[in-house]
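*Asks:*
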């Protein structure tokens with residue numbers, strides 16, 4: 618009986634360790650999985666901001682927009698477009714659909 622008791626206790630202890638490891642693995646999977654929204658193309662956003670200020674000229678030079686802008690309808694942001702040294706104009710932008718369409722207007 619003593620041998621059988623030791624074996625039973627060892628199996629119970631081993632089972633507890635296996636259950637604890639499984640719980641940790643499941644927790645890490647659940648916490649680590651979160652849907653990530655697509656981001657806007659940084660270059661395209663800066664070219665569009667340039668065009669809004671510079672009469673259609675789509676150069677990214679001296680255009681500063683936030684990075685990692687989510688393509689989420691209603692998301693608003695601003696870009697600064699430098700037209701001359703020390704002289705900038707601000708462009709107000711809004712994401713108009715979840716596919717990344719944006720609307721821009723000069724302030």
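Numbering (our numbering), first residue to last: 618 to 724.
The beta-carbon is built from N, C-alpha and C at its ideal position, and this holds for glycine as well.
At what residues does the beta strand (DSSP E) containing residue 710 begin and finish?
*Replies:* Where residue 710 is concerned, the enclosing beta strand (DSSP E) stretches over 704 to 712.
*Asks:* Below 8 angstroms on the Cβ atoms is my guess for residue 697 versus residue 705; work out the distance and round it to an integer in Å.
*Replies:* The Cβ separation is near 5 angstroms, so the contact holds.
*Asks:* I believe residue 690 touches residue 708 by the beta-carbon criterion, under 8 angstroms. Please report the beta-carbon distance rounded to the nearest angstrom.
*Replies:* No, residue 690 and residue 708 are not in contact; Cβ-Cβ is about 19 angstroms, not under 8 angstroms.
*Asks:* Tell me the DSSP secondary structure of residue 629 in three-state form.
*Replies:* Three-state result, residue 629: helix.
*Asks:* Could you tell me which residues DSSP pairs with residue 697 in its beta bridges?
*Replies:* BP columns for residue 697 point to 681 and 707.
*Asks:* CB-CB under 8 angstroms to residue 656, same chain, minus the five flanking residues each way: which ones, in chain order?
*Replies:* Closer than 8 angstroms at Cβ, skipping near neighbours: 685, 686, 687 and 688.
*Asks:* Could you say which of 717, 699 and 624 lies nearest to residue 723 if we only look at CA atoms?
*Replies:* It is 699.
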